[in-house]
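A.B. asks: Going line by line, the protein sequences match chains A and U.
The opening residue of the first sequence carries number 867 in the working numbering; numbering runs sequentially from there.
The opening residue of the second sequence carries number 187 in the working numbering; numbering runs sequentially from there.
In this text, a Cβ means the ideal position worked out from N, Cα and C, and glycines have one as well.
Computed from a prediction, not measured in an experiment: that's the story for all the values here.
Please find one structure pasted underneath; my questions will follow.
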Amino acid sequence: MEQHQAYQKDLESIRKLMERSVKFISLSGLSGILAGIYALIGAAIVYYLVHYPISPFAYRIYSIQNPEVLMQLTGVAAVVLASSLLTGFWLSARKAKRAGVKIWDATSKRLFINLSVPLITGGIFILILLSNDHFGIVAPVCLIFYGLALINASANLYEEVRYLGYSEIVLGLIAASLPGYGLLFWAMGFGLLHIIYGAVMYKRYDS
Amino acid sequence: MKNPFDNLDKVLEHSSRLQIVSVLMANESGDFNSIKELLSLTDGSLATHIKALEREKYITVLKTFVDRKPNTRYKATERGRTAFKKHLEAMEEVIKQQKK
């Protein structure tokens, strides 16, 4: 009797079950890659709206005062955010359906709450900054609160997300000390880092 | 030499019960429907296993109300956690001995 093989299988299935019961495994690495691409496109549009023809790597000493440009920037940011969220939901729903699991369960509810608290706090904080004309500090604040949200939610996600969170915070703090480079750091944090971590996660868990 | 089979937990030897406890080990608590869906069990069999685990005092039942609807949650007890760990160790011991 190969009892030990049966036990080995049991142990393996228990380990998987414990992971599945805490982690929201339907999140696809592809969502990260696509969100990164949207962010880079958004950053490029903003660059042409605001900086062009100054090099994106040049230090910028003037700040945006024109309310019309500000509205356009807010519009671009909103479109990037909305399309990233929609892509994330769509790809997660697809992956969940394929795996035959529900997308809205106790784990994803907890994940949603854990993400929402720092993100909504950060969002309100950014609106306060904008209304007080502190434009230079907005990009670093985005990165830092996003990083905190990821770390806060990482218990229910794959561990790469926690490292992405740490990277965003570090980038945010560097950006805060170099206020003229906000857009560049924003593009790195939301564009490049998403693509890199998304690709790693896609390779590890999706294929 | 001591037989590692003796250390196996009689209650947890049933795989569904072991799975229920493992979910409650990984999470602070779990409700009936989430566990049912996670393990693809029927109402009847989950209820039976939960009763068996409750009788053994491996899990406790927390009855609360959400929006005035009863919400029953289950939690692994300290006794259940110890039993789970011991049972897994015993399983590993069996694997080790039989592999030789």
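Give the single residue among A/1051, A/1058 and A/919 whose Cα lies nearest to the Cα of residue 1008 of chain A.
C.D. replies: The residue labelled residue 1008 of chain A in the question sits at position 142 within the first sequence. Closest option to residue 1008 of chain A, Cα to Cα, is A/1051.
A.B. asks: On the DSSP letters alone, give me the boundaries of the beta strand (DSSP E) that residue 228 of chain U sits inside.
C.D. replies: Indexing the second sequence from 1 puts residue 228 of chain U at position 42. No beta strand (DSSP E) holds residue 228 of chain U; DSSP gives it neither H nor E.
A.B. asks: Since residue 264 of chain U contacts residue 193 of chain U with CB under 8 angstroms, what's their CB separation in whole angstroms?
C.D. replies: What you label residue 264 of chain U is simply residue 78 of the second sequence in a count that begins at 1. What you label residue 193 of chain U is simply residue 7 of the second sequence in a count that begins at 1. Between residue 193 of chain U and residue 264 of chain U the Cβ distance is about 19 angstroms, and since that is not below 8 angstroms, they are no contact.
A.B. asks: Quick one: which residues of the stretch 201-234 of chain U get their C-beta closer than 8 angstroms to a C-beta of chain A? List them in chain order.
C.D. replies: Listed by position along the chain: 201, 204, 205, 208, 209, 211, 212, 213, 216, 217, 220, 223, 224 and 225.
A.B. asks: Which residues does DSSP pair with residue 262 of chain U in a beta bridge?
C.D. replies: Here residue 262 of chain U refers to the residue found at position 76 of the second sequence. DSSP output for residue 262 of chain U lists U/245 as bridge partner(s).
A.B. asks: Would residue 897 of chain A and residue 953 of chain A be called neighbours here (beta carbons separated by less than 8 angstroms)?
C.D. replies: Translated into the one-based positions of the first sequence, residue 897 of chain A becomes position 31. Translated into the one-based positions of the first sequence, residue 953 of chain A becomes position 87. Cβ distance < 8 angstroms, so residue 897 of chain A and residue 953 of chain A count as in contact.
A.B. asks: Quick one: Cα of residue 1040 of chain A to Cα of residue 1016 of chain A, how far?
C.D. replies: As a working mapping, residue 1040 of chain A is identified with position 174 in the first sequence. As a working mapping, residue 1016 of chain A is identified with position 150 in the first sequence. Computed Cα separation, rounded: 18 angstroms.
A.B. asks: My understanding is that residue 968 of chain A touches residue 223 of chain U, with C-beta atoms under 8 angstroms, so please give their C-beta distance in whole angstroms.
C.D. replies: The count along the first sequence starts at 1 and reaches residue 968 of chain A at position 102. The count along the second sequence starts at 1 and reaches residue 223 of chain U at position 37. About 6 angstroms; that satisfies the 8 angstroms criterion.
A.B. asks: Opposite residue 916 of chain A in the DSSP bridges: which residues?
C.D. replies: On the first sequence, position 50 is the one that residue 916 of chain A refers to. DSSP lists no partner for residue 916 of chain A.
A.B. asks: Is the beta carbon of residue 216 of chain U closer than 8 angstroms to that of residue 259 of chain U?
C.D. replies: Here residue 259 of chain U refers to the residue found at position 73 when the second sequence is read from its first residue. Here residue 216 of chain U refers to the residue found at position 30 when the second sequence is read from its first residue. Yes; because the gap between Cβ atoms is below 8 angstroms, this pair is in contact.
A.B. asks: Mind listing, in chain order, the continuous alpha helix (DSSP H) runs of no fewer than 4 residues lying wholly within the stretch 937-1003 of chain A?
C.D. replies: For the stretch 937-1003 of chain A, whole alpha helix (DSSP H) runs of length 4 or above, ordered along the chain, are 972-997.
A.B. asks: Please check the pair residue 879 of chain A and residue 965 of chain A, which I expect to be a contact at CB under 8 angstroms, by giving their CB distance rounded to whole angstroms.
C.D. replies: In the first sequence, the residue the question calls residue 879 of chain A occupies position 13. In the first sequence, the residue the question calls residue 965 of chain A occupies position 99. Their Cβ separation, rounded to whole angstroms, is 15 angstroms, which puts residue 879 of chain A and residue 965 of chain A out of contact at 8 angstroms.
A.B. asks: What whole-angstrom Cβ distance do residue 239 of chain U and residue 203 of chain U have, given they're in contact under 8 angstroms?
C.D. replies: Walking along the second sequence from the start, residue 239 of chain U turns up at place 53. Walking along the second sequence from the start, residue 203 of chain U turns up at place 17. 6 angstroms between Cβ atoms; contact.
A.B. asks: Do residue 980 of chain A and residue 810 of chain A come within 8 angstroms of each other at the CB atom, strictly closer than that value?
C.D. replies: Coverage of chain A is limited to positions 867 through 1073, which leaves residue 810 of chain A absent and any answer about it impossible.
A.B. asks: Residues of chain A with CB under 9 angstroms from residue 255 of chain U, in chain order?
C.D. replies: Taking the second sequence and counting its residues from 1, the one referred to as residue 255 of chain U is at position 69. Within chain A, no residue comes near residue 255 of chain U; the closest Cβ sits about 16 angstroms away, beyond 9 angstroms.
A.B. asks: Would residue 951 of chain A be called buried (16 or more neighbouring beta carbons within 10 Å of its own) or exposed?
C.D. replies: Mapped onto the first sequence, residue 951 of chain A falls at position 85. Per the 10 Å Cβ criterion, exposed.
A.B. asks: So, is residue 1034 of chain A buried or exposed, given that buried needs 16 or more other C-beta atoms within 10 angstroms?
C.D. replies: Residue numbering aside, residue 1034 of chain A sits at position 168 when the first sequence is read from its first letter. Its Cβ being crowded by 16 or more others within 10 Å, residue 1034 of chain A is buried.
A.B. asks: Which residues in chain U have a C-beta closer than 8 angstroms to the C-beta of residue 880 of chain A? List them in chain order.
C.D. replies: Within the first sequence, residue 880 of chain A is the residue found at index 14, counting from 1. In chain order: 204, 205, 208 and 274.
A.B. asks: Does any residue of chain U have a CB that is nearer than 8 angstroms to the CB of residue 968 of chain A?
C.D. replies: Position 102 of the first sequence, counted from the start, is the residue given in the question as residue 968 of chain A. Yes, its Cβ sits closer than 8 angstroms to a Cβ of chain U.
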